[in-house]
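Residue numbers (my numbering), protein chains in the order written: chain A, 1 to 114; chain B, 1 to 171.
Beneath this line is the structure, given in C-alpha cells, with notes to follow.
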C-alpha cells in the first residue's frame with residue numbers, strides 16, 4: 001500500500017507546505033515591506049516547486065508524463081510572473097517614499113533619491 | 001518571418017502538450033486554427049520581435065536555467081535559516097548593481113533573476129545607474145556585488161541578439 005512513489009510525493013508536498021508556513025511566518029515576523037517580500041519569495045519559488053514536484057512524482061511513475069509536463073508549465077509560468085509582481089510591489093513602495101529600514105546602505109546615498 | 005514561424009511551432013508544441021487528445025480531428029484543427037490566429041494577432045500587434053519571441057537566446061538560456069535553479073535553492077536555504085532563528089538574522093542592505101548586459105532583454109532577465117532569488121529584490125532599473133537591489137542580508141548584497149549572475153546574464157546575449165535589438169529599435 002505505502003509504496004515509494006506515495007512516500008516520495010508525500011515528503012515533497014509536506015516539505016513544500018512547511019516552507020509555505022515558513023514564508024508566511026517570515027511575512028508576519030519581519031519589520032518592513034521589503035524584508036517581507038523576501039520571506040514571501042520563499043513561498044513563490046521553492047515551496048511551489050516542491051509541491052508541484054510532489055504532485056508530478058506519482059503521475060511520472062504511472063507513465064502519465066503529459067500531466068507532469070502540465071505541472072512543469074505551471075511552474076514555468078509562476079516563475080516567470082512572480083518576480084514581476086514582486087518588482088511592482090517593491091518599486092511602487094520605494095517611489096511612494098516608503099524608505100526601507102536599512103543596516104547598510106552601499107549606494108553612496110544615491111539609493112534614497114533614485 | 002522566420003520568427004513568426006518559430007512562434008507558431010512553439011505555440012503548436014504547447015497546445016499539443018497541454019491538450020493530450022490526439023485522436024479527435026475537430027479538436028486538432030481547432031487547435032491549429034487558434035495557434036495561427038495567435039501568431040496573426042501577435043504579428044498585427046507588432047510584438048513578434050527579439051523580445052516577444054527571443055529565439056536568439058537558444059541553448060544559452062537552457063544552460064542558464066539549471067544554474068539559476070541551483071542558486072534559487074541555495075538562496076532559499078539561506079533565507080529559511082535566517083528566518084528560523086529566535087531573532088531573525090537580517091541586516092537589510094541597499095546596493096546598486098551596474099548592469100553588464102547590452103540589451104533590454106538581458107537586463108530584464110538579470111533583474112528578474114535577482115528578484116527570483118530569495119534574499120535579493122530588484123527595486124528599480126535605471127539605464128545609467130544600474131539596478132537598485134534590496135538585500136535581506138549584507139552577505140546577499142555582497143553576492144550581488146560579486147557580479148557572478150550579472151556576467152552570466154550578459155553571456156546569454158549573442159551578437160545576433162544584440163544586432164536584432166538595434167534593428168528593432170531603428171525601424
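We put the CB at the ideal spot given by N, CA and C, even for glycine.
Given the structure is predicted, the values throughout are model-derived calculations rather than measurements.
Which residues in chain A have a C-beta closer than 8 Å to the C-beta of residue i? List them in chain order.
{"i": "residue 86(B)", "result": "Under the 8 Å cutoff, chain A gives no residues; its nearest Cβ is about 11 Å from residue 86(B)."}
{"i": "residue 17(B)", "result": "66, 69, 70, 73"}
{"i": "residue 76(B)", "result": "19, 42, 45, 46"}
{"i": "residue 60(B)", "result": "Here the premise fails: no neighbours, minimum Cβ distance about 17 Å."}
{"i": "residue 138(B)", "result": "103, 104"}
Using the beta-carbon count (16 or more within 10 Å), is residue i buried or exposed?
{"i": "residue 45(B)", "result": "exposed"}
{"i": "residue 94(A)", "result": "buried"}
{"i": "residue 135(B)", "result": "buried"}
{"i": "residue 1(B)", "result": "exposed"}
{"i": "residue 77(B)", "result": "exposed"}
{"i": "residue 49(A)", "result": "buried"}
{"i": "residue 113(A)", "result": "Interpretation of residue 113(A) is limited by its pLDDT of 43, a score under 50 that renders its predicted location unreliable; no figure is taken from the coordinates."}
{"i": "residue 111(A)", "result": "Per-residue confidence for residue 111(A) stands at a pLDDT of 48, beneath the threshold of 50, marking its modelled position as unreliable; the derived number appears in the next sentence. The residue is buried, with at least 16 neighbouring Cβ atoms inside 10 Å."}
{"i": "residue 26(A)", "result": "buried"}
{"i": "residue 63(A)", "result": "exposed"}
{"i": "residue 87(B)", "result": "exposed"}
{"i": "residue 22(A)", "result": "buried"}
Taking the alpha helix (DSSP H) that residue i falls in, what are its first and last residues?
{"i": "residue 29(A)", "result": "4 to 29"}
{"i": "residue 45(B)", "result": "25 to 45"}
{"i": "residue 21(B)", "result": "Taken as a continuous stretch (DSSP letters only), residue 21(B) belongs to no alpha helix (DSSP H), as it is neither H nor E."}
{"i": "residue 50(A)", "result": "48 to 61"}
{"i": "residue 83(A)", "result": "65 to 95"}
{"i": "residue 35(A)", "result": "33 to 42"}
How would you list, in chain order, the residues of chain A whose beta-carbon sits under 7 Å from the beta-carbon of residue i?
{"i": "residue 92(B)", "result": "34, 35, 100, 101, 102, 103"}
{"i": "residue 118(B)", "result": "38, 41, 42, 45"}
So with CB distances below 7 Å, who are the chain B contacts of residue i?
{"i": "residue 83(A)", "result": "112, 115, 116"}
{"i": "residue 79(A)", "result": "116"}
Using a Cβ cut-off of 8 Å, pull out every chain B residue sitting near residue i, in sequence order please.
{"i": "residue 106(A)", "result": "93, 94, 95, 96, 141, 145"}
{"i": "residue 11(A)", "result": "Near residue 11(A) there are no residues of chain B at all, since even the closest Cβ is about 16 Å away, more than 8 Å."}
Assuming residue i contacts residue j (C-beta within less than 8 Å), just tell me the rounded distance between them.
{"i": "residue 96(B)", "j": "residue 107(A)", "result": "5 Å"}
{"i": "residue 39(B)", "j": "residue 8(B)", "result": "5 Å"}
For residue i, which residues in chain B fall below 9 Å Cβ to Cβ?
{"i": "residue 94(A)", "result": "123, 124, 132, 134"}
{"i": "residue 86(A)", "result": "115, 116, 121, 122"}
In chain A, what lies closer than 9 Å to residue i by C-beta?
{"i": "residue 47(B)", "result": "What residue 47(B) touches in chain A: nothing, since even the nearest Cβ is about 16 Å away."}
{"i": "residue 81(B)", "result": "Per Cβ cutoff of 9 Å: no residues; residue 81(B) is ~10 Å from chain A at best."}
Threshold first: 3 residues or longer. Then list the beta strand (DSSP E) segments lying entirely within the segment 83 to 170 of chain B, N to C. 93 to 97, 120 to 126, 130 to 135
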